[in-house]
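Visitor:
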Amino acid sequence: MSSQTAPSNPTVVPYQHLQIALNVDGTITRLQEIPNTAPTPDPSHPTPVLSKDVPLNQSNNTWVRIFLPREALDHNSSTKLPLTVYFHGGGFILYSTASSISHDHCANMAIDLHVIIVSVEYRLAPEHRLPAAYDDAMEALHWIKTTPNDWIRDYADLSNMFIMGSSAGGNIAYHAGLRAAMEIDKLEPLVIRGLILHQPGFGGSQRTQSELMDNDPNLPLSVCDLLWELSLPIANRDHEYCNPKVGDGPQLLEKIKLLGWKVLVVGCDGDILFEHQIELAKLMREKCVSVVSQFGEGGYHGIDIFEPAKTKALLKNFILSSLVA
6 MSSQTAPSNP TVVPYQHLQI ALNVDGTITR LQEIPNTAPT PDPSHPTPVL
56 SKDVPLNQSN NTWVRIFLPR EALDHNSSTK LPLTVYFHGG GFILYSTASS
106 ISHDHCANMA IDLHVIIVSV EYRLAPEHRL PAAYDDAMEA LHWIKTTPND
156 WIRDYADLSN MFIMGSSAGG NIAYHAGLRA AMEIDKLEPL VIRGLILHQP
206 GFGGSQRTQS ELMDNDPNLP LSVCDLLWEL SLPIANRDHE YCNPKVGDGP
256 QLLEKIKLLG WKVLVVGCDG DILFEHQIEL AKLMREKCVS VVSQFGEGGY
306 HGIDIFEPAK TKALLKNFIL SSLVA
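Read in order, the letters of the sequence shown are residues 6 to 330 in our numbering.
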């Protein structure tokens, strides 16, 4: 992750037990080292999931980490596995696909869901404000379309693809889905079956009840506001990147409906962003998009990462019901 030298008197902000310093030049310094996990590309290693890193755009320092379930190497099976393109959370400003928490989450999903995961190392804000991450997401889709990488070529079923993200990554997955729907012909032979949005990060200028309650220990309201300030191209929470009800987004959902994609939205009422997620699902239903939603009681923002067992069955059923033989 990129960082800059902190000023002598930086403004330090807590975020999920991490610290960042706001620099006078508009960048941030990430003050605490985030544990990373190296990939395991060697098939002789006993791990149930292999992983390797492949460059995406070297000039932007972007890359992908591919997670391949060992079962795919079984020569007695000719069945290829569905492919899920994943975007990690972190408020657009933190974490990496190499972060241990993201790596472990993707490795577990590859096992539990019987899919190949392509986790995208997108550029972070504020050094690279939105839509940089959306651009990286689309570049990843086009890379999958053309790559000669053997794990993708030999084991991935490109006719059964999903775009998935958690928190800020859910926002990226949503906007990548809107873009992909508009240029679907250019993505052939990729066939996207749906979007999986785990506690996606959205907002607006109008405060919701869950925001006013401000009782999510993982994502206080002041930190949420700061993340939007650091990631949006302009300081306006009614920007279309933040508020899906403004701009071209609602109209673009018509294309997702026509393509027959299914969308899964998962949230819980302990999350400060809960009501924005409900409004997103409502908006898509109004546009006749096929939406599956699950909004639980309690919980907190990021629960899908820290307690993945709570949604394991839901995810598996959604993917299985969306596949086309």
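Ideal Cβ positions, reconstructed from N, Cα and C, are used throughout, including at glycine.
As the structure is a prediction and not an experimental result, all values here were calculated from the model.
What are the start and end residues of each continuous beta strand (DSSP E) run of 3 or more residues lying completely inside the region 199 to 283, in chain order?
Guide: DSSP runs (the beta strand (DSSP E)) wholly in the region 199 to 283: 267 to 273.
Visitor: Taking only three categories from DSSP, how would you classify Tyr305?
Guide: Residue state, collapsed to three classes: coil.
Visitor: Could you tell me the distance, in whole angstroms, from the CA atom of Cys229 to the CA atom of Val268?
Guide: Roughly 25 Å separates the two Cα atoms.
Visitor: When we look at the beta-carbon of Cys273 and count the other beta-carbons within 10 Å, is it buried (16 or more) or exposed?
Guide: Cys273 comes out buried.
Visitor: What does Gly170 pair with, by DSSP beta-bridge criteria?
Guide: Looking at the DSSP assignment, Gly170 forms a beta bridge with Phe92 and Leu202.
Visitor: Hey, could you find the ends of the beta strand (DSSP E) Ile98 is sitting in?
Guide: That residue, Ile98, is in no beta strand (DSSP E); it is neither H nor E in DSSP.
Visitor: Does DSSP classify Arg35 as helix, strand or coil?
Guide: DSSP places Arg35 in strand when its eight states are reduced to three.
Visitor: Residue range of the alpha helix (DSSP H) that Ser105 falls in?
Guide: Ser105 to Leu118 is the span of the alpha helix (DSSP H), which, as asked, contains Ser105.
Visitor: Check whether the Cβ atoms of Thr102 and Val69 lie closer than 9 Å to each other.
Guide: Yes, they are a contact pair.
Visitor: Based on the DSSP output, what are the partners of Asn41 in its beta bridges?
Guide: DSSP output for Asn41 lists Ser104 as bridge partner(s).
Visitor: Shortest alpha-carbon distance to Ser83 belongs to which of Asp162, Glu144, Glu302 and Thr316?
Guide: Here the closest residue by C-alpha is Asp162.
Visitor: Would you report the Cα separation of Ile283 and Met169, rounded to the nearest angstrom?
Guide: Each residue's Cα considered, the two are about 18 Å apart.
Visitor: In the DSSP output, which residue or residues are listed as bridge partners for Val123?
Guide: Val123 pairs with Ile71 and Val90.
Visitor: Below 8 Å, how does it come out for the region 61 to 78 and the region 202 to 209: are there three or more Cβ pairs, yes or no?
Guide: No, the region 61 to 78 is not in contact with the region 202 to 209.
Visitor: Taking all protein chains shown into account, do 16 or more other C-beta atoms lie within 10 angstroms of the C-beta of Asn335, making it buried, or fewer, making it exposed?
Guide: A query on residue 335 cannot be resolved here, the shown segment of the chain reaching from 6 to 330 and no further.
Visitor: Helix, strand or coil: which one does DSSP assign to Ser298?
Guide: The answer is strand: DSSP assigns Ser298 an E or B state.
Visitor: Could you work out which residue in Gly304, Ser295 and Thr32 is closest to Leu129 when comparing CA atoms only?
Guide: Looking at the Cα atoms, Thr32 is the closest of the given residues.
Visitor: Using 10 angstroms around the beta-carbon of Leu73, count the other beta-carbons present and answer buried if the total reaches 16, otherwise exposed.
Guide: It is buried - the Cβ of Leu73 has at least 16 other Cβ atoms within 10 Å.
Visitor: If we count the other Cβ atoms within 10 Å of its Cβ and call it buried at 16 or more, is Phe167 buried or exposed?
Guide: Buried, since its Cβ has 16 or more Cβ neighbours within 10 Å.
Visitor: Are the C-beta of Ser327 and some C-beta of chain D separated by less than 9 Å?
Guide: The structure shown has no chain D; it contains just one protein chain.
Visitor: To the nearest angstrom, how far is the alpha carbon of Glu312 from that of Val29?
Guide: About 37 Å.
Visitor: Keeping to the same chain, check which residues put their C-beta closer than 8 Å to that of Leu264; ignore five residues upstream and five downstream.
Guide: The residues are Ala186, Ile189 and Ile197.
Visitor: Decide if the region 251 to 260 is in contact with the region 313 to 329; the criterion is three or more beta carbon pairs, one per stretch, under 8 Å apart.
Guide: No, the region 251 to 260 does not touch the region 313 to 329.
Visitor: At which residues does the beta strand (DSSP E) containing Ser56 begin and terminate?
Guide: Per DSSP, Ser56 belongs to the beta strand (DSSP E) from Val54 to Asn62.
Visitor: So what does Ala161 bridge to, in DSSP terms?
Guide: Note: Ala161 sits in a beta bridge opposite Leu86.
Visitor: I'd like the list of long-range same chain contacts for Pro40, defined as Cβ closer than 6 Å, with 5 residues on each side in sequence excluded.
Guide: For Pro40, where only same-chain residues beyond five positions count, the Cβ hits under 6 Å are Ser105.
Visitor: So what does DSSP say about Leu2, is it helix, strand or coil?
Guide: With the chain represented from 6 up to 330, any question about residue 2 goes unanswered, as that position is not in the structure.
Visitor: If we count the other Cβ atoms within 10 Å of its Cβ and call it buried at 16 or more, is Met218 buried or exposed?
Guide: Label assigned to Met218: exposed.
Visitor: Could you tell me if Val329 is buried or exposed, where buried requires 16 or more neighbouring beta carbons within 10 angstroms of its beta carbon?
Guide: By the neighbour-count rule (16 or more Cβ atoms within 10 Å), Val329 is not buried but exposed.
Visitor: Under the DSSP definition of a beta bridge, which residues are partnered with Glu197?
Guide: Correcting the residue identity first, residue 197 is Ile in this sequence and not Glu. In DSSP, Ile197 forms a bridge with Met166.
Visitor: Using CA atoms only, rank isn't needed, just tell me which of Phe97, Ser172, Val123 and Pro136 is closest to Lys150.
Guide: Answer by Cα proximity: Val123.
Visitor: With distances taken from CA atoms, which of His306, Arg290 and Ser295 is nearest Leu278?
Guide: Selected option, being the one with the closest Cα: His306.
Visitor: Apart from the five residues on each side of it in sequence, which residues of its chain come closer than 7 Å, Cβ to Cβ, to Leu55?
Guide: Answer for Leu55: Thr45, Pro46, Pro48, Leu73 and Arg75, listed in chain order.
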